[in-house]
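A quick write-up on the structure given underneath.
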Amino acid sequence: MRIPDVAPGAKILAFGHYQPTNIVTNDDLAKTMDTNDEWIQSRVGIKERRVAPANESEIDMAVQAGGKALAGSGLGAGDIDLVIVASCTLESQIPNAAARVATRLGIEAPGAFDVNAACAGFCYALGTASAAVRSGQATNVLVVGTEKLSQWIDWTDRATAVIFADGAGAAVVTASDTPGIGPVVWGSAGDKYDAIIIKDRDSFLHQEGQTVFRWATTALHPVAKEACERAGVDPADLAAFVPHQANLRIIEAIARKLGADNAIIARDIVLAGNTSAASIPLALSRMIERGEVQSGQLALLLGFGAGLTYAGQVVEIP
């Protein structure tokens, strides 16, 4: 028996993202429910969000984002041997999304599975991809976060309709002589499972906003600091902090407690809304595209959400 080769590290080669073209502003929402732009911005920090049409699925969006990441990586479809899709909003549970995304991208016979850790899903999937590469179980991995939250939202409920949105983000992971993806720090608080929940296929997403806010603003900055410690990185050396885009007040509260004074804080939620597992790769891909961060710099990723689940790691920007 031959033990597979073990890589000393894993790194991200490229990111990609996709958003539906349909923009829904706060003023648009104010036409159908008791809300207004000032109320929404003061509570969650969102000005607008993207909503996919009925004929555009999570798979469609994942293919767009994944194709962009693959093109940017310099690899071909034939080089990918594992596809991981993070999502909590798939309308169809069988077959999984990963196999369908792979086929649409021309990736033949890869390992393919989905991860449902809700808004922490991308970080869970990225940690799993890194481990697969470093253990020799995969050579190149496509990781995608994709969500169509709009199909699970009651659009007359301002507690959720003003927050959630649709989109996808992706990354390509490969072996590296030096670590480009730090150790993942992950965990859960299952006693709070019903703080964010879709009870069954006939229900809408329900969120206990105050419960989630208190948990996120008190429990998560130690996770962020531990991810830095395990990667051997001082928060002051981070170029970017990219937390899940849940709520602008939550993002800013965690950032203050982290002490990453020199980092650009991702605030993609303002124009993209909360896209769950898609939010971190979507936000970082857009930051890279705008030139706000540079190749070789360090970013801290921190996902958290339904479950309740959380995960984070430091990555080197491709």
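Quick note on this note's numbering: the sequence shown kicks off at 859 and runs consecutively.
Even for Gly, the Cβ is constructed at its ideal location relative to N, Cα and C.
As the structure is a computational prediction, the values presented were derived from the model and not from experiment.
- Only buried fits A868, as 16 or more other CB atoms lie within 10 angstroms of its CB.
- A Cβ-Cβ contact shorter than 9 Å links R1016 with D892.
- Secondary structure of S1137 (DSSP, three-state): helix.
- In the structure shown, the three-state DSSP call for I1108 is helix.
- For N1105, the closest of F1162, A1121, V1043 and A1169 by C-alpha to C-alpha distance is F1162.
- Taking the Cα positions, E966 is about 16 Å away from N954.
- By alpha-carbon distance to R958, the top candidate from A1124, A989, V921 and R992 is V921.
- Around the beta carbon of R907, 16 or more other beta carbons lie within 10 angstroms, which makes this residue buried.
- Between V999 and I917, the gap from beta carbon to beta carbon reaches 9 Å or more.
- Counting along the chain, W1073 sits inside the alpha helix (DSSP H) bounded by residues G1067 to A1077.
- Between the alpha carbons of L984 and G1149 lies a distance of about 23 Å.
- In the three-state scheme derived from DSSP, where H, G and I count as helix and E and B as strand, V1020 is classed as coil.
- With 16 or more other Cβ atoms from the protein chains shown falling within 10 Å of its own Cβ, N1132 counts as buried.
- In this structure, V941 sits near A960, with a CB-CB distance shorter than 9 Å.
- In the same chain as S1137, and ignoring 5 residues on each side of it, the C-beta atoms closer than 6 Å to its own belong to H1102 and Q1103, in chain order.
- For S1008, the closest C-alpha among the options N974, E914, P1139 and G1170 is that of E914.
- Secondary structure of W1044 (DSSP, three-state): strand.
- Only buried fits T947, as 16 or more other CB atoms lie within 10 angstroms of its CB.
- Annotation for N998: the continuous beta strand (DSSP E) segment containing it runs N998 to K1006.
- Three or more beta-carbon pairs separated by less than 8 Å link the segment 970-989 to the segment 1037-1044, which places the two stretches in contact.
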